[in-house]
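Report on the following structure.
Protein chains in written order, with full-length UniProt numbering: chain A, 1 to 239; chain B, 1 to 239.
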């Protein structure tokens with residue numbers, strides 16, 4: 001992900017300069033919306049109620065966000081930016097080069113960053129799973145957050161010491177994102193304290209994933225790797 | 001799946017005896033509900049409206065189904081039974097023993113059987129994706145339909161000529177069901193005519209799956225197979 005230029009940063013991301021007033025208003029509206037979505041449910045919260053609760057005019061709220069869906073997109077973008085900020089040091093600095101360790105760190109950081117939104121996610125999940133919704137991760141509106149998430153996995157990979165089949169390397173960040181989505185769905189359904197079951201699942205699957213990737217260099221698996229690559233670009237990531 | 005005894009068969013399944021009157025009433029209520037769900041949406045359809053439209057008393061409707069959720073469970077069960085009836089000959093009789101061919105046949109049969117419900121599935125999907133809902137495939141209420149679906153994959157496997165690692169064989173039907181769920185989600189989102197993209201995806205992934213399974217016997221992959229088996233029983237199928 002590129003560094004967000006000052007003035008467009010979604011809210012207070014650690015390590016970015018203090019945002020100007022318009023950004024503070026935008027962040028306030030977003031935070032108010034998130035709170036109301038959680039308290040009243042997404043379906044029952046109106047733009048009018050969000051504006052009132054945030055102490056801004058309805059026109060002002062619409063100036064920043066075209067509607068409720070865009071507020072959720074704002075939430076996706078913020079979550080992606082917070083995640084990126086949390087793992088930046090590990091991804092770019094001299095962090096561990098072991099792929100399993102890198103993947104585990106990044107996934108655990110996501111669970112930490114997303115922790116305040118767990119309840120919201122559970123009640124919200126069904127909207128994102130609606131194929132007709134712009135809130136689906138595959139909708140055009142979600143592309144920026146999707147790209148940000150995938151680019152984190154590009155950096156997990158590029159800073160690691162793993163050697164993978166060249167053809168696989170092309171689609172690996174997308175495969176890793178799909179793994180992340182699987183974990184996210186598990187996390188949404190997870191009612192264990194502090195979602196510790198999801199944490200254990202990540203601790204188990206990150207090394208397994210790295211192990212499977214190391215196998216991809218074997219000639220025996222070459223045709224399978226090629227077929228997976230083609231399937232992904234033909235059926236899933238056609239953008 | 002066991003043969004449904006007469007009198008408990010969910011509606012008119014080909015190859016089963018003509019159901020008694022109570023079963024006809026049950027099927028009528030179920031069909032009416034499905035139609036109303038499709039026409040008015042699941043959320044807006046009441047038990048009262050279903051009873052009225054089916055020409056039965058509200059009390060009678062509740063005699064057969066405890067509520068709307070149970071009607072959807074009835075739909076799941078019916079879909080599973082129709083699917084089973086459609087593939088019975090292939091699974092038990094002298095059908096193709098090639099695993100890829102068997103899997104392709106079973107998956108294509110599912111798409112054919114589910115065709116009339118595609119629109120309903122699209123509008124309904126978000127309810128099934130709600131973790132709190134009894135309509136989730138992992139809810140206790142869904143276990144009969146889940147068991148029926150998994151047992152179809154047991155028969156896909158047991159009649160095939162494939163030799164797989166013994167440890168993998170234990171969890172393979174569950175893995176194949178997860179593959180089916182992936183295809184179902186793709187199908188829900190698929191807007192191509194007659195969901196032909198999903199059909200092509202099945203035609204590509206069924207042979208790929210069989211190919212991956214054949215590899216599972218290699219000693220090299222043994223630890224990975226073992227770990228996948230343990231993860232499935234620890235994190236997903238704890239019943």
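Where is the CB? At the ideal position from N, CA and C, for every residue including glycine.
Nearest residue (CA-CA) to residue i, options the options
i, options, result
"residue 118 of chain B", "B:24, B:161 and B:193", "B:193"
"residue 62 of chain B", "B:25, B:87, B:41 and B:172", "B:25"
"residue 156 of chain A", "A:167, A:180, A:144 and A:138", "A:180"
"residue 66 of chain B", "B:53, B:46, B:55 and B:85", "B:46"
"residue 227 of chain A", "B:204, B:175 and B:231", "B:204"
"residue 235 of chain A", "B:195, B:171, B:134 and B:123", "B:195"
"residue 116 of chain B", "B:214, B:72, B:35 and B:186", "B:35"
"residue 135 of chain B", "B:50, B:39 and B:74", "B:74"
"residue 71 of chain A", "A:102, A:188, A:230 and A:141", "A:141"
"residue 77 of chain B", "B:198, B:183, B:143 and B:187", "B:143"
"residue 212 of chain B", "A:206, A:208 and A:223", "A:223"
"residue 69 of chain A", "A:189, A:218 and A:139", "A:139"
"residue 229 of chain A", "A:89, A:171, A:40 and A:217", "A:171"
"residue 114 of chain B", "B:129, B:217, B:38 and B:184", "B:184"
Local conformation of residue i per DSSP, three classes
i, result
"residue 3 of chain B", "Bear in mind that a pLDDT of 38 at residue 3 of chain B, under 50, signals an unreliable position, so the number given afterwards is only what the model happens to contain. Correct three-state label for residue 3 of chain B: coil."
"residue 50 of chain B", "helix"
"residue 232 of chain B", "helix"
"residue 224 of chain B", "helix"
"residue 194 of chain A", "helix"
"residue 29 of chain B", "helix"
"residue 212 of chain B", "helix"
"residue 186 of chain B", "helix"
"residue 10 of chain B", "Because residue 10 of chain B carries a pLDDT of 44, less than 50, the predicted location of this residue cannot be relied on, and the following value inherits that uncertainty. It is coil, neither helix nor strand."
"residue 217 of chain B", "coil"
"residue 162 of chain B", "coil"
"residue 74 of chain A", "helix"
"residue 45 of chain B", "coil"
"residue 207 of chain B", "helix"
"residue 55 of chain B", "coil"
"residue 20 of chain A", "coil"
"residue 37 of chain A", "helix"
"residue 239 of chain B", "Confidence at residue 239 of chain B is low in this model, with a pLDDT of 49, below 50, so its placement is unreliable and the value that follows should be read with caution. If DSSP states are grouped into helix, strand and coil, residue 239 of chain B belongs with coil."
Residue i CB to nearest heavy atom of the ligand FMN below 6 Å
i, result
"residue 119 of chain B", "Within the structure as shown, the ligand FMN is missing, as the structure has no ligands at all."
Residues near residue i by beta carbon distance below 6 Å, same chain, minus five either side
i, result
"residue 99 of chain B", "160, 162 and 210"
"residue 48 of chain A", "58"
"residue 124 of chain A", "42"
"residue 153 of chain A", "173, 176 and 177"
"residue 54 of chain B", "28, 29 and 32"
"residue 188 of chain A", "121, 122 and 125"
"residue 90 of chain A", "105"
"residue 64 of chain B", "26 and 29"
"residue 88 of chain A", "none"
Residues near residue i in its chain [Cβ-Cβ closer than 7 Å; skip 5 each side]
i, result
"residue 3 of chain B", "With a pLDDT of 38 at residue 3 of chain B, under the threshold of 50, the predicted position of this residue should be treated as unreliable, and no value is reported."
"residue 50 of chain A", "29, 32, 33, 36 and 61"
"residue 221 of chain B", "215"
"residue 268 of chain A", "The shown model of chain A, from 1 to 239, leaves out residue 268 of chain A, and the question about it has no answer."
"residue 244 of chain B", "The displayed coordinates of chain B run from 1 to 239. Any statement about residue 244 of chain B would go beyond what the structure contains."
"residue 190 of chain A", "197 and 198"
"residue 225 of chain A", "165, 167, 168 and 216"
"residue 38 of chain A", "119 and 120"
Beta-carbon proximity list for residue i, same chain, < 8 Å, skipping 5 on both sides
i, result
"residue 112 of chain B", "86"
"residue 207 of chain A", "100 and 104"
"residue 44 of chain B", "none"
"residue 92 of chain B", "155 and 159"
"residue 133 of chain B", "69, 127 and 139"
"residue 56 of chain A", "25, 28 and 29"
Output needed in chain order: residues of the segment 204–218 of chain B with a Cβ under 8 Å from some Cβ in chain E. Chain labels in this structure do not include chain E; the protein chains are A and B.
In chain order, each alpha helix (DSSP H) run of at least 4 residues that lies wholly inside the segment 88–119 of chain B: 99–114
Taking 8 Å as the cut-off, does the segment 78–96 of chain B touch the segment 137–152 of chain B (at least 3 CB pairs, one atom from each stretch)? Put simply, the segment 137–152 of chain B touches the segment 78–96 of chain B. At least three CB pairs are less than 8 Å apart.
Touch check for the segment 104–111 of chain B and the segment 182–202 of chain B: three-plus C-beta pairs under 8 Å? The answer is yes - the segment 182–202 of chain B touches the segment 104–111 of chain B, with three or more Cβ pairs under 8 Å.
Would you be able to state if there are at least three C-beta pairs under 8 Å between the segment 159–174 of chain A and the segment 165–175 of chain B? no
Along the chain, which unbroken stretches of the alpha helix (DSSP H) at least 4 residues long are found entirely within the segment 120–147 of chain B? none
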